[in-house]
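Asker: Residue numbers for the sequence shown follow the working numbering, so the first one is 84 and each next one is one higher. Glycine included, every Cβ here is placed at the ideal spot set by N, Cα and C. None of these values were measured; they are calculated from a predicted model.
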Amino acid sequence: MLNRRTVLTSSAAAALASTLPTLALSQGRKDSIVIGMALEPPGLDPTVGAAAAIAEIVQYNVLETLTKINADGSVTPMLAESWEVSPDLKTYTFKLRRGVKFQNGEPFNATTVKFAFDRAGGEKSTNKDKRTFANLSTQVIDDATVVVINKEIDPDLPFVLGQATAVIVEPKSADTNATKPIGTGPYKLESWAKGSSLVLTKWEGFRSPGNAKINKVTFRFIADTAAQAASLLAGDVDAFPRAGTRIVPQFKSNPQFQVILGGSRAKTIVAINNKKKPLDDVRVRRAILAALDRKAFIEGAADGFGVPIGSHYVPGAAGYIDTTGINPFDIEKAKKLLAEAGVKTPLELTMTLPPPPYARQGGEVVVAQLAKIGIVVKVQNVEWAQWLSNTYGGPHNYDLSIISHVEPFDIGNYAKPDYYWGYQSKAFDTLFDKIKSTGNAAERLKLLGEAQKMLATDAANGFMYQPQFPTIAKKGVKGLWKEMPISVNDLSALSWS
84 MLNRRTVLTS SAAAALASTL PTLALSQGRK DSIVIGMALE PPGLDPTVGA
134 AAAIAEIVQY NVLETLTKIN ADGSVTPMLA ESWEVSPDLK TYTFKLRRGV
184 KFQNGEPFNA TTVKFAFDRA GGEKSTNKDK RTFANLSTQV IDDATVVVIN
234 KEIDPDLPFV LGQATAVIVE PKSADTNATK PIGTGPYKLE SWAKGSSLVL
284 TKWEGFRSPG NAKINKVTFR FIADTAAQAA SLLAGDVDAF PRAGTRIVPQ
334 FKSNPQFQVI LGGSRAKTIV AINNKKKPLD DVRVRRAILA ALDRKAFIEG
384 AADGFGVPIG SHYVPGAAGY IDTTGINPFD IEKAKKLLAE AGVKTPLELT
434 MTLPPPPYAR QGGEVVVAQL AKIGIVVKVQ NVEWAQWLSN TYGGPHNYDL
484 SIISHVEPFD IGNYAKPDYY WGYQSKAFDT LFDKIKSTGN AAERLKLLGE
534 AQKMLATDAA NGFMYQPQFP TIAKKGVKGL WKEMPISVND LSALSWS
């Protein structure tokens, strides 16, 4: 085993909870489960879309990867039975499982692995990890052996190949996976009622059908936190991973429910468009960071469920250093920085917010705090698809936003010149190249520390907190992940007690 180096409270609601029967047991639904999700995915192909909600439905369930990332951050075989690494840490030889088929009957083999990786790194790819795959050269040795050669040293490659962007797609169905995903996993898509719910059913053609104990999984999309609580209390939802933090208190003392609080590798940030004036001036960005009280933000956005961060890196990750002291909360300093930059107040900015509660709640905090230094923030609430197409993937026509980046090791996004926050630094690019090319573990960790300091000093974004994701579920649900190194729902692990 290869380990990743780590990793609406109301009296009425309470009264209702005390009178509800233990629905999971009384209804006897031992072969089905309903899972709540705050966001509906825009599609079901994680190799073409960046939304984490895609992986929460399909990863490891419908679409599989060569390796699997577990709740503790360890990496174990999935479609690959084993792998060997060359002494220079650039060549990986994967031995693949034999006899595996896709849900359309096509075989899984080394040729499909090569197709999937070449497609992910190809010229027309929209994979958010396109750069990673473009550096890979994949060679077919035989049906059950594939060699992956990396241009750069990346000791974390087995972890990367266990993420949603690395799912193995079947050539004939690859172009329609967004609406009709075809994979090698234990579940297949049954139906999708847009705006409401999605159903996966157990695929009997799976190589180990007995591994999945739940026959039918229904995902219900519920963005509003009050509605999330109501759905759990009414028995309409059995488990709600990554539920809104605001509803946690009312379930903690309810004997019919379990509340699981776990860590993550996510970074919740106030994204700053570095290409927009006057935000292209580092003094203005530093002023914004100095005006933001992280503790107040965490309380307002996540009801206290978070740990402050000062850069795009979190406690528990290899090479983490505390950079919160680089841009401390200091209102007077913020005002001086704006004056030094020649900014006349009031300065008007627009903050584009996606639907998650932490973003909408956190937006209220940002508006109030920036007003104290003469920055007037106009809030623009948008739907998830709008945020993905216009803020993240489109013309980047925004000033500020709030988003949680859930990818475990994504500091390299700051080396992407066209990434949505528009940060560009030759110094950072050079430093990140060194990080990717060094084979010395101690040196790599040191360089990662320098990268964190550089992003903090450049005030590339407003780095706010590492979130704790609460899962609320009926007592009888077993197999839920506590720690969440990646954002998935591992359905094969679920069962009823």
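Which residues bound the beta strand (DSSP E) around LYS178?
Answerer: Here residue 178 is taken as the residue at index 95 of the sequence shown, counted from 1. First-last of the beta strand (DSSP E) with LYS178: 174–179.
Asker: Tell me whether the stretch 402–413 and the stretch 550–563 touch, counting them as touching only if at least three CB pairs, one residue from each stretch, are closer than 8 Å.
Answerer: Contact fails: fewer than three Cβ-Cβ distances are below 8 Å.
Asker: DSSP state of PHE289, grouped into three classes?
Answerer: Taking the first residue of the sequence shown as 1, we reach residue 289 at position 206. If DSSP states are grouped into helix, strand and coil, PHE289 belongs with coil.
Asker: If distances are taken between C-alpha atoms only, which option among GLY268, ASP128, ALA276 and TYR396 comes closest to GLU287?
Answerer: Here residue 287 is taken as the residue at index 204 of the sequence shown, counted from 1. Residue GLY268 is the option with its Cα nearest to GLU287.
Asker: First and last residue of the alpha helix (DSSP H) that includes ILE518?
Answerer: By 1-based counting over the sequence shown, the position of residue 518 is 435. Here the alpha helix (DSSP H) through ILE518 covers 509–520.
Asker: Put TRP470 into one of helix, strand or coil per three-state DSSP.
Answerer: Along the sequence shown, one-based indexing puts residue 470 at 387. Note: TRP470 maps to helix in three-state DSSP.
Asker: Kindly indicate the opening and closing residues of the alpha helix (DSSP H) around LEU240.
Answerer: Within the sequence shown, the letter at position 157 stands for residue 240. That run of the alpha helix (DSSP H) goes 240–243.
Asker: Measure the CB-CB distance between ILE352 and LEU362 and report whether it falls below 8 Å.
Answerer: Along the sequence shown, read from residue 1 onward, the residue named residue 352 stands at position 269. Along the sequence shown, read from residue 1 onward, the residue named residue 362 stands at position 279. No, the Cβ-Cβ distance between ILE352 and LEU362 is not below 8 Å.
Asker: Cα separation between THR105 and ILE486?
Answerer: Within the sequence shown, the letter at position 22 stands for residue 105. Within the sequence shown, the letter at position 403 stands for residue 486. Only weak support exists for where THR105 lies, its pLDDT of 40 falling under 50; the coordinates are left without a value.
Asker: If LYS546 and LYS350 are in contact, beta carbons under 8 Å, what's the gap, nearest whole angstrom?
Answerer: Position 463 of the sequence shown, counted from the first residue, corresponds to residue 546. Position 267 of the sequence shown, counted from the first residue, corresponds to residue 350. As written in the sequence, residue 546 is Phe, which differs from the Lys given in the question. The pair is a contact, with the Cβ atoms about 7 Å apart (cut-off 8 Å).
Asker: Could you have a look at LEU418 and say whether DSSP puts it in helix, strand or coil?
Answerer: Numbered from 1 along the sequence shown, position 335 holds the residue referred to as residue 418. Correcting the residue type first, residue 418 is Lys in the shown sequence and not Leu. If DSSP states are grouped into helix, strand and coil, LYS418 belongs with the helices.
Asker: Quick check on DSSP: helix, strand or coil for PRO553?
Answerer: Numbered from 1 along the sequence shown, position 470 holds the residue referred to as residue 553. Looking at PRO553 - three-state DSSP - the assignment turns out to be strand.
Asker: Can a CB atom of chain C be found closer than 8 Å to the CB of ALA135?
Answerer: No chain C is part of this structure, which consists of one protein chain only.
Asker: If you pair each beta-carbon of the stretch 171–179 with each one of the stretch 273–284, do three or more pairs fall below 8 Å?
Answerer: Flag = no, the stretch 171–179 and the stretch 273–284 do not touch.
Asker: By the DSSP assignment, the beta strand (DSSP E) with THR435 in it spans what residues?
Answerer: Your numbering for residue 435 matches position 352 in the sequence shown. Here the beta strand (DSSP E) through THR435 covers 430–436.
Asker: Secondary structure at GLY204, three-state DSSP: helix, strand or coil?
Answerer: Position 121 of the sequence shown, counting from 1, holds the residue named residue 204. Note: GLY204 maps to helix in three-state DSSP.
Asker: Tell me the DSSP secondary structure of SER220 in three-state form.
Answerer: Stepping through the sequence shown from its first residue, residue 220 is reached at position 137. DSSP places SER220 in strand when its eight states are reduced to three.
Asker: If you count every other CB in all the chains shown that lies within 10 Å of the CB of ALA193, and 16 or more means buried, which is it?
Answerer: Your numbering for residue 193 matches position 110 in the sequence shown. With 16 or more Cβ atoms within 10 Å of its Cβ, ALA193 is classed as buried.
Asker: Just curious, the beta strand (DSSP E) that ARG303 is in, first and last residue?
Answerer: Sequence index remark: in the sequence shown, residue 303 carries index 220 (1-based). Start and end: 299–304.
Asker: Helix, strand or coil: which one does DSSP assign to THR406?
Answerer: Position 323 of the sequence shown, counting from 1, holds the residue named residue 406. It is coil, neither helix nor strand.
Asker: Hey, GLU235 and ASN210 are a contact pair by Cβ (cut 8 Å); roughly how many whole angstroms apart?
Answerer: Here the question's residue 235 lines up with position 152 in the sequence shown. Here the question's residue 210 lines up with position 127 in the sequence shown. So it is not a contact: roughly 17 Å between Cβ atoms.
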